[in-house]
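Q:
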Amino acid sequence: MLIENMKMALSALRANKMRSFLTMLGIIIGIGSVIAITSVGDTMRKMFSDIYQDVGVTQGYISISYRIEEVRDSDYFTMDEMESYKEVFGDRLAYIDSGNSVTGEIVTDITKKNFYFYGVDYNYIDVQPVNIVYGRYLNEGDILARKPNCVIDRASAEELYGSAGAAVGRTFRITVYGNVTEFNIIGVFEKEQSAFTALMTGSSANGEAYIPWTLLTWPNDYIYQCHFFADPDMSAAELEQFNEDFAAYVAKTKNREPEDFYIVTAQSEMSTVDSMLSGVAAAVAGIAAISLLVGGIGIMNIMLVSVTERTREIGTRKALGATTRDIMIQFLTESAVLSAIGGIIGIGLAAGLVSILGAIFSLPVVIKPYVVLMAVGFSAMVGIFFGIYPARKAAQRDPIIALRYE
Amino acid sequence: MSELIRLEDLVKIYNTGSLRVLGLNKINLSINKGEFVSIMGHSGSGKSTLMNILGCLDTPTLGRYYLDGTDVAGMSPDELSRIRNKKIGFVFQSFNLISRMTILKNVEVPLTYARVRPSERRRRALELLELVGLSSRIDHQPNELSGGQRQRVAIARALANDPPLILADEPTGNLDSQTSIEIMELFARLHQNGATVVVVTHEENIAAYTDRIITFNDGRLISDRINIAPTALSDTAGALGGRMS
Ligand SMILES: Nc1ncnc2c1ncn2[C@@H]1O[C@H](COP(=O)(O)OP(=O)(O)O)[C@@H](O)[C@H]1O
Ligand SMILES: [Mg+2]
Chain R
4 MLIENMKMAL SALRANKMRS FLTMLGIIIG IGSVIAITSV GDTMRKMFSD
54 IYQDVGVTQG YISISYRIEE VRDSDYFTMD EMESYKEVFG DRLAYIDSGN
104 SVTGEIVTDI TKKNFYFYGV DYNYIDVQPV NIVYGRYLNE GDILARKPNC
154 VIDRASAEEL YGSAGAAVGR TFRITVYGNV TEFNIIGVFE KEQSAFTALM
204 TGSSANGEAY IPWTLLTWPN DYIYQCHFFA DPDMSAAELE QFNEDFAAYV
254 AKTKNREPED FYIVTAQSEM STVDSMLSGV AAAVAGIAAI SLLVGGIGIM
304 NIMLVSVTER TREIGTRKAL GATTRDIMIQ FLTESAVLSA IGGIIGIGLA
354 AGLVSILGAI FSLPVVIKPY VVLMAVGFSA MVGIFFGIYP ARKAAQRDPI
404 IALRYE
Chain S
10 MSELIRLEDL VKIYNTGSLR VLGLNKINLS INKGEFVSIM GHSGSGKSTL
60 MNILGCLDTP TLGRYYLDGT DVAGMSPDEL SRIRNKKIGF VFQSFNLISR
110 MTILKNVEVP LTYARVRPSE RRRRALELLE LVGLSSRIDH QPNELSGGQR
160 QRVAIARALA NDPPLILADE PTGNLDSQTS IEIMELFARL HQNGATVVVV
210 THEENIAAYT DRIITFNDGR LISDRINIAP TALSDTAGAL GGRMS
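Same order as they appear, the protein sequences are chains R and S.
Residue numbering for the first sequence is 4 to 409, as defined by the numbering used here.
Residue numbering for the second sequence is 10 to 254, as defined by the numbering used here.
(1) Applying the 10 Å Cβ sphere with the 16-neighbour rule, what's the burial state of glycine 247 of chain S?
(2) Output yes or no for whether 9 Å exceeds the beta carbon distance between tyrosine 125 of chain R and glycine 190 of chain R.
(3) Determine the closest residue to leucine 219 of chain R out of R:Ser101, R:Arg17, R:Thr26 and R:Arg70, with distance taken between C-alpha atoms.
(4) Out of curiosity, what's the CA-to-CA distance linking arginine 149 of chain R and tyrosine 98 of chain R?
(5) Could you name the residues whose beta carbon sits closer than 6 Å to any heavy atom belonging to ligand 1, keeping them in chain order?
(6) For valine 385 of chain R, which residues does DSSP report across the bridge?
(7) Nearest CA to the CA of glycine 156 of chain S: which residue from S:Pro173, S:Gln102 and S:Val208?
(8) Would you mind telling me which residues of chain S sit closer than 7 Å to alanine 403 of chain R, beta carbon to beta carbon, in chain order?
(9) Is the shortest distance between the beta-carbon of leucine 406 of chain R and the beta-carbons of chain S less than 9 Å?
(10) Rounded to a whole number of angstroms, what is the C-alpha to C-alpha distance between proline 151 of chain R and alanine 212 of chain R?
(11) Run the proximity test for aspartate 178 of chain S: is its beta-carbon closer than 8 Å to any non-hydrogen atom belonging to ligand 2?
(12) Can you list, in chain order, the residues of its chain with a C-beta nearer than 6 Å to that of glycine 251 of chain S? Leave out the 5 residues immediately preceding and following it.
(13) Touching or not, the segment 130-144 of chain R and the segment 173-181 of chain R, by the rule of three or more beta carbon pairs under 8 Å?
(14) Leucine 113 of chain S and arginine 159 of chain S: beta carbons closer than 9 Å?
(15) When the cut-off is 9 Å and only beta carbons count, does glutamate 7 of chain R lie next to chain S?
(16) What residues are listed by DSSP as bridge partners for methionine 331 of chain R?
(17) Since glutamine 62 of chain R is in the beta strand (DSSP E), which residue starts that stretch and which ends it?
(18) Quick check: the Cα distance between methionine 253 of chain S and glycine 142 of chain S, rounded to an integer number of angstroms?
(19) Do glycine 345 of chain R and leucine 28 of chain R have their beta-carbon atoms positioned less than 9 Å apart in this structure?
(20) Hey, proline 372 of chain R and lysine 321 of chain R are a contact pair by Cβ (cut 8 Å); roughly how many whole angstroms apart?
(21) Residues in its own chain within less than 8 Å of valine 81 of chain S by CB, not counting five upstream and five downstream?
(22) Can you look up threonine 121 of chain S in the DSSP assignment and give me helix, strand or coil?
(23) Out of R:Pro261, R:Val368, R:Gly386 and R:Ser358, which one is the CA nearest neighbour of serine 68 of chain R?
(24) First and last residue of the beta strand (DSSP E) that includes glutamate 129 of chain S?
(25) Which of helix, strand or coil does DSSP assign to histidine 230 of chain R?
(26) Between serine 90 of chain S and chain R, is the shortest Cβ-Cβ distance under 9 Å, so that the two count as touching?
(27) Taking C-alpha atoms, which residue in R:Gln131, R:Ile113 and R:Gly324 lies nearest to serine 166 of chain R?
(28) List, from N- to C-terminal side, the beta strand (DSSP E) runs of 3 residues or more that fit wholly inside the segment 74-119 of chain R.
(29) Please classify aspartate 277 of chain R: does DSSP put it in a helix, a strand, or coil?
(30) Could you tell me the alpha carbon to alpha carbon distance between aspartate 233 of chain S and threonine 188 of chain S, rounded to whole angstroms?
(31) Arginine 29 of chain S: buried (16+ other C-beta within 10 angstroms of its C-beta) or exposed?
(32) Could you give the residue range of the beta strand (DSSP E) that holds phenylalanine 264 of chain R?
(33) What number of angstroms, rounded off, separates the C-alpha of phenylalanine 51 of chain R from the C-alpha of valine 253 of chain R?
(34) Using a cut-off of 8 Å between C-beta atoms, extract the partners of serine 14 of chain R located in chain S.
(35) What does tyrosine 122 of chain S touch in chain R if you count any residue whose Cβ is under 7 Å from its own?
(36) Report the partner residues of methionine 49 of chain S according to the DSSP bridge assignment.
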């Protein structure tokens, strides 16, 4: 009976193609804009979470707040303090360094290139995995002895020395905190990144190199900030707790209030992005509600016209045994099908548009199946809701009057 | 012979604003199973009013209507729908086929409302279209057929649920005389096969096919007579629907 009704609805809608299409426009636009903007939102969300995944979702920085006017020496960090944090927090604190970096130029016979030299600990590779394609990574000995060793990225190695293999063993001089230092290249690495991260960072003209962080502790081994990674296996709640505990502990050991320390974490940045996107989603929901309301009223209007035009059909059907319910369901199916087809067309158009945009910006577009299903279901519900009044009118027609109708 | 229709002091009053029209005035009537009856009378004499009540499309203002032994008065609209579906086959002056549907689908409509399975529906509709001589047109839309063909589709549709009563309100009113004869021969053959048929007409030669002629005037039943010599069916017609295409 349902399939029967759907077929009947389709043939009734086909009989007035242009009118059906125009009636659907409101729904097409409403559902289409919801899908398009939801998809853009989901794509952005995925983009940010992929990028944070690549840079490490558990990382953060802590330093004395910029609001503190009189900064004491003890507000800075020492290497001993940082060691003690590792002991206090154990496995929860996966990694810690000063987060310092310097820029410098590597000059070779062939060419020259600007680099970011990041000061890292030997286990940085555990929290920011890279593939060593030639040579080796920094080890504990390099760090403790403050050896001027470095690993550089593959693309730069090839550019400067012709190949990754040729780069290892080379030396170069750069100025670090005013002193000219000669560095040895001990390894070449390659990063694994998502398409989004590659897109966001790919245009950087600078090379990347890792050097022992113990070389970047100027002045006098006082360190302005701590850069840390919590255990990457933590849940969001555990991570939040850790960030809080860590900031509180640091403040306490330095005789400061917790709010005197400024902590910024990937998690809090992500939740800022998330709440921004949720705000966009709420605005979209409002727009969608209005256009679906307009679309629904359009459907109600056209169904009322249809009921009047088909008065004789209704009379005939009733004479042949249709109950109030049968007629009601027939017209409700028609308005639901009308609206659902509008929804499907809207989804198709939105998916097409978003995919074209994705292709232009070479972004992997996210269109969630449940969003599509919900959109179809919702448009059918709009059709049913706005179809109730016309369908009731049809169903309550007196068969004799309907049959006499010219 | 058992009684199919019984009207007792049946009155129908139409209330149109200030005006009250007496559509039917104290009608007493009994029709047995298997009868072939024609209703005659001037325009406005109450023929359609009677047919609507007999067909359970309308309810009497006063009096009783027993259909197949059941008092129809006081039934809900949906109960009346079910009675129409099971017990009554309608044939209208203006055919009332549903456009946008093939004639096969049109014949299936009453079967759909009787909740018959699709395969069985199709089988039955094909059988009925064969009976009225339209097997070759099952996939046509109603507007592709002549008036006589449309009326034969409507008759097939009226027979779909094998109802005990066939009601035809001026079934030949929109047809030429030759086609009218063909349609009346079809009703006559249905009657020969045992159906109870009531036909409204104001043409003598149409009424002449029936066994009993009831005449109305101004809402009253003024004459009820037996037609001793109904028009003989043309021999060439052969089996039911044989000559009809
Ligand atoms: N729905 C109605 N409302 C008011 N008056 C009606 C209605 N239907 C029929 N009548 C009146 O009842 C009388 C009988 O009508 P009807 O049964 O249609 O006559 P017939 O079919 O014999 O031509 C007429 O006077 C007609 O105007
Ligand atoms: Mg009439």
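Cβ coordinates follow ideal geometry from the N, Cα and C atoms, glycine included.
A: In short:
(1) In this predicted model, glycine 247 of chain S has a pLDDT of only 46, less than 50, meaning its place in the structure is not dependable enough to derive any value.
(2) no
(3) When each option's Cα is compared against that of leucine 219 of chain R, the closest is R:Ser101.
(4) 18 Å
(5) S:Tyr23, S:Thr25, S:Val30, S:Gly32, S:Gly50, S:Ser52, S:Gly53, S:Ser54, S:Gly55, S:Lys56, S:Ser57 and S:Thr58
(6) The partner list for valine 385 of chain R (beta bridge, DSSP) is empty, contrary to what the question assumes.
(7) S:Gln102
(8) Per the sequence shown, the amino acid found at residue 403 of chain R is isoleucine instead of alanine. Near isoleucine 403 of chain R (Cβ distances below 7 Å), the residues of chain S are Asn61, Leu66 and Asp67.
(9) yes
(10) So the alpha carbons of these two residues sit roughly 12 Å apart.
(11) yes
(12) Low local confidence applies: a pLDDT of 42 at glycine 251 of chain S is under 50, so the model's placement there is unreliable, and no value is given.
(13) In short, these stretches do not touch, since the Cβ pair count stays below three.
(14) no
(15) yes
(16) For methionine 331 of chain R, which the question treats as bridged, DSSP gives no partner whatsoever.
(17) 62-67
(18) With a pLDDT of 42 at methionine 253 of chain S, under the threshold of 50, the predicted position of this residue should be treated as unreliable, though the coordinate-derived value follows. Spanning the two alpha carbons is a distance of roughly 6 Å.
(19) yes
(20) About 42 Å; that fails the 8 Å criterion.
(21) Around valine 81 of chain S: Cys65, Thr68, Tyr74, Tyr75, Leu89 and Ile92.
(22) Threonine 121 of chain S carries a helical assignment under DSSP once its states are collapsed to helix, strand and coil.
(23) R:Pro261
(24) Glutamate 129 of chain S -> not in any beta strand (DSSP E); alpha helix (DSSP H) instead, spanning 127-140.
(25) strand
(26) yes
(27) R:Ile113
(28) Assignment of beta strand (DSSP E) within the segment 74-119 of chain R, counting only whole runs of 3 or more residues, yields 96-100 and 104-110 in chain order.
(29) helix
(30) 27 Å
(31) exposed
(32) It spans 264-268 - the beta strand (DSSP E) in which phenylalanine 264 of chain R sits, taken as one unbroken run.
(33) 29 Å
(34) Arg109 and Met110
(35) Leu323, Gly324, Ala325 and Asp329, listed in chain order.
(36) Beta-bridge annotation (DSSP): methionine 49 of chain S is paired with S:Thr224.
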